[in-house]
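Chains as they are written, first to last, in my numbering: chain A, 1 to 266; chain B, 267 to 506. Where is the CB? At the ideal position from N, CA and C, for every residue including glycine. Worksheet: the structure to be examined is printed underneath.
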């Protein structure tokens, strides 16, 4: 399986902006300068409107994190956001092979451990590479890649929350006075873009009959009741629903209903 | 651990005060709120939690009473007050009875302008999504002193404030907000296509417990089936 973040990773050595991030479609909608005195909020805010793709989001986060002193970041979804563990890493500029060397499970521990900084929490807790994960080997690898200090910020843009893991060559690089601002602004950004960037669109995929059936399932009706309502046989209703579940890319009725409501299909 | 305590607290019998509050923690929440209000230069503050369709007041600046401003906000008919239509971005408004010249609460790059929630008082409202639920915090007053940077800082500190206030004050029993953290979590995972067995494994609970949480949330949402409960919860923005 190929993880989704493969297309947005950047080499570890990037200084200002990775070469692959400047290519293709864009006219630099999320350009920010990174001067030491630049206020995070004003420039970061001005750039929020330009975020339209995952790559834009990734670049925005990379720049904002760099202003806060962290050259490397990982954005992790809370449990349940995706079926596969690998898909929980939504954006990152870690070296692709590093993510695999460490292992996604260890990275998730790094994101969600007790050291996580809650929204508005007074103290910032920094983890050092020596005890970043429970695996000594993984910790050594992080050190070899020049990642020595980590900080995991909780983001609560809505009912679903996320973790933003910052990584820096040394603990002194992380600007603790900027982390709160980074946490809040990143939450604003996710509040704006998470629905469009992280949700699959099923609104056009469903036929009218499938939509009707899903609509009644969402109203709590059973297959037999839907058959009576629509004047069909139960078998036909079940087959419509099976198709609808497939087209939503869902695993069962509950997930299909959730996807259909999120996309506005019903 | 925290969640388990939370569930126990919710299940405890209602205290017999009019306000349904936990006296030890509520004073702490009031102190926190007053400190933030005075730093922002706000004469009025109010912490509101999302209820079935309208916000409910937890604590405001006239604690232990409820001010007329808060009552008006709870009864107001503004789209922004419904949680489905509320992004995380702060909103601000100016005093509608005066011409908007000395925009003390104006010109935020970070916030959107909406129709006044508190007539004759300029103010800001900051949405929050916390472990204990969702809602928003209002600060208003003629001498409100805020810019984008302080607004951002204020917003961040509203998260622990809301958790403190929401834990201390029980809303009306029977409202959908009485879904516990675990129940919401199970519903969210169900909406993500997980089976009870998978949820049990992910949360480290037994399948039976997961099913009990889901049955309880189905009942609280007045739904007839699990799928119906998921649909209702998504439409009410209890889960995503």
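Review point. Nearest chain C C-beta to residue 103 of chain A closer than 9 Å, yes or no?
Key: Considering every chain present, this structure includes no chain C. Its protein chains are A and B.
Review point. Hey, out of A:151, A:154, A:153, A:130, whose CA is closest to residue 144 of chain A's CA?
Key: Translated into positions along the first chain, residue 144 of chain A becomes position 144. The shortest CA-to-CA distance from residue 144 of chain A to any of A:151, A:154, A:153, A:130 is the one to A:130.
Review point. Apart from the five residues on each side of it in sequence, which residues of its chain come closer than 6 Å, Cβ to Cβ, to residue 127 of chain A?
Key: Your numbering for residue 127 of chain A matches position 127 in the first chain. Hits under 6 Å: 115, 150.
Check your understanding: Cα-Cα, which of B:480, B:360, B:430 is closest to residue 267 of chain A?
Key -> Lying outside 1 to 266, the shown extent of chain A, residue 267 of chain A is not represented and no answer is given.
Exercise for review: Tell me whether residue 257 of chain A sits in a helix, a strand or coil according to DSSP, three-state version.
Suggested key: As a working note, residue 257 of chain A is residue 257 in the first chain. Correct three-state label for residue 257 of chain A: helix.
Check your understanding: In terms of DSSP beta bridges, what is residue 54 of chain A paired with?
Key -> As a working note, residue 54 of chain A is residue 54 in the first chain. Per DSSP, residue 54 of chain A has no beta bridge partner at all.
Check your understanding: Run through DSSP, which three-state label would residue 154 of chain A get?
Key -> Walking along the first chain from the start, residue 154 of chain A turns up at place 154. Strand, per DSSP.
Practice item. Could you tell me which uninterrupted beta strand (DSSP E) segments, each at least 3 residues in length, are contained entirely in the segment 155-180 of chain A, listed from first to last along the chain? Key: Listed in chain order, the beta strand (DSSP E) runs fully inside the segment 155-180 of chain A are 162-168, counting runs of at least 3 residues.
Point to revise | Integer Cβ distance of residue 184 of chain A from residue 422 of chain B, believed to fall under 8 Å | key: Within the first chain, numbered from 1, the residue matching residue 184 of chain A stands at position 184. Within the second chain, numbered from 1, the residue matching residue 422 of chain B stands at position 156. The Cβ separation is near 5 Å, so the contact holds.
Point to revise | Identity of the residue in B:374, B:327, B:476 nearest residue 415 of chain B by Cα | key: As a first step, residue 415 of chain B must be located in the second chain, where it is residue number 149. Comparing alpha-carbon positions, the option among B:374, B:327, B:476 lying closest to residue 415 of chain B turns out to be B:374.
Exercise for review: Give a yes or no on whether the C-beta atoms belonging to residue 299 of chain B and residue 410 of chain B are separated by under 9 Å.
Suggested key: Here the question's residue 299 of chain B lines up with position 33 in the second chain. Here the question's residue 410 of chain B lines up with position 144 in the second chain. Taking the C-beta atoms as reference points, residue 410 of chain B is found no nearer than 9 Å to residue 299 of chain B.
Practice item. Spell out whether any CB of chain B is found under 9 Å from the CB atom of residue 263 of chain A. Key: On the first chain, position 263 is the one that residue 263 of chain A refers to. False, the Cβ-Cβ gap to chain B never drops below 9 Å.
Practice item. Please go through the same chain and pick out, in chain order, the residues whose beta-carbon is closer than 7 Å to the beta-carbon of residue 505 of chain B, but skip the five residues on each side of it. Key: Along the second chain, read from residue 1 onward, the residue named residue 505 of chain B stands at position 239. For residue 505 of chain B, where only same-chain residues beyond five positions count, the Cβ hits under 7 Å are 450, 453, 454, 457, 499.
Exercise for review: Tell me, to the nearest whole angstrom, how far the beta carbon of residue 91 of chain A is from that of residue 75 of chain A; I am working on the premise that it is less than 8 Å.
Suggested key: Taking the first chain and counting its residues from 1, the one referred to as residue 91 of chain A is at position 91. Taking the first chain and counting its residues from 1, the one referred to as residue 75 of chain A is at position 75. The Cβ separation is near 4 Å, so the contact holds.
Review point. Using a Cβ cut-off of 8 Å, which residues of the segment 335-361 of chain B contact any Cβ in chain A, in chain order?
Key: The segment 335-361 of chain B vs chain A, Cβ under 8 Å: 353, 354, 355.
Check your understanding: For the alpha helix (DSSP H) that residue 472 of chain B lies in, which residues bound it at each end?
Key -> Position 206 of the second chain, counting from 1, holds the residue named residue 472 of chain B. For residue 472 of chain B, there is no enclosing alpha helix (DSSP H), as DSSP marks it with neither H nor E.
Review point. Taking the Cβ atom as the reference point for each residue, do residue 261 of chain A and residue 497 of chain B lie within a distance shorter than 9 Å?
Key: Position 261 of the first chain holds residue 261 of chain A. Position 231 of the second chain holds residue 497 of chain B. Annotated as proximal: residue 261 of chain A and residue 497 of chain B, with beta-carbon spacing under 9 Å.
**Study point:** residue 353 of chain B and residue 321 of chain B closer than 9 Å at C-beta
**Key:** Locating residue 353 of chain B in the second chain gives position 87, counting from the first residue. Locating residue 321 of chain B in the second chain gives position 55, counting from the first residue. No, they are not a contact pair.
Practice item. Pull out every residue of the segment 241-265 of chain A whose Cβ sits closer than 8 Å to any Cβ of chain B, in chain order. Key: Across the segment 241-265 of chain A, CB contacts with chain B closer than 8 Å involve 250, 251, 252, 253, 254, 255, 257, 258, 261, 262, in sequence order along the chain.
**Study point:** Any C-beta of chain A under 9 Å from that of residue 328 of chain B
**Key:** Here residue 328 of chain B corresponds to residue number 62 of the second chain, with the count starting at 1. Between residue 328 of chain B and chain A, the shortest Cβ-Cβ separation is not below 9 Å.
Review point. Would you call the segment 44-56 of chain A and the segment 186-198 of chain A touching, i.e. three or more CB-CB distances under 8 Å?
Key: With a cut-off of 8 Å, the segment 186-198 of chain A and the segment 44-56 of chain A count as touching, because enough Cβ pairs lie within range.
Review point. Can you tell which of A:153, A:57, A:89, A:103 has its C-alpha closest to the C-alpha of residue 113 of chain A?
Key: Numbered from its first residue, the first chain carries residue 113 of chain A at position 113. Out of A:153, A:57, A:89, A:103, the CA that lies nearest to the CA of residue 113 of chain A is found in A:153.
Review point. Would residue 29 of chain A count as contacting chain B if we go by Cβ distances under 9 Å?
Key: Position 29 of the first chain, counted from the start, is the residue given in the question as residue 29 of chain A. Annotation note: pLDDT 38 at residue 29 of chain A (below 50); position unreliable, coordinate value reported separately. No, residue 29 of chain A lies away from the interface with chain B (no Cβ there is under 9 Å from its Cβ).
Exercise for review: Please name the residues in the segment 484-496 of chain B whose beta-carbon is closer than 7 Å to at least one beta-carbon of chain A, in chain order.
Suggested key: Those would be 489, 490, 491, 492, 493, 494, 496, in chain order.
Check your understanding: Helix, strand or coil: which one does DSSP assign to residue 404 of chain B?
Key -> Walking along the second chain from the start, residue 404 of chain B turns up at place 138. Secondary structure at residue 404 of chain B: strand, using DSSP grouped into helix, strand and coil.
Point to revise | Nearest-angstrom Cα separation, counted from residue 479 of chain B out to residue 135 of chain A | key: As a working mapping, residue 135 of chain A is identified with position 135 in the first chain. As a working mapping, residue 479 of chain B is identified with position 213 in the second chain. If you take the alpha carbons of residue 135 of chain A and residue 479 of chain B, they lie about 35 Å apart.
**Study point:** Closer than 9 Å to chain B by CB, residue 237 of chain A
**Key:** Along the first chain, read from residue 1 onward, the residue named residue 237 of chain A stands at position 237. Residue 237 of chain A does not count as touching chain B.
**Study point:** Same chain, Cβ closer than 6 Å to residue 363 of chain B, five either side skipped, listed in chain order
**Key:** Along the second chain, read from residue 1 onward, the residue named residue 363 of chain B stands at position 97. Closer than 6 Å at Cβ, skipping near neighbours: 386.
Check your understanding: From residue 301 of chain B to residue 333 of chain B, what distance separates their C-alpha atoms?
Key -> As a working mapping, residue 301 of chain B is identified with position 35 in the second chain. As a working mapping, residue 333 of chain B is identified with position 67 in the second chain. Looking at the two C-alpha atoms, the distance is approximately 19 Å.
Review point. From the DSSP output, which residues share a beta bridge with residue 399 of chain B?
Key: Locating residue 399 of chain B in the second chain gives position 133, where the first residue counts as 1. As DSSP reads the structure, residue 399 of chain B sits in a beta bridge with B:396.
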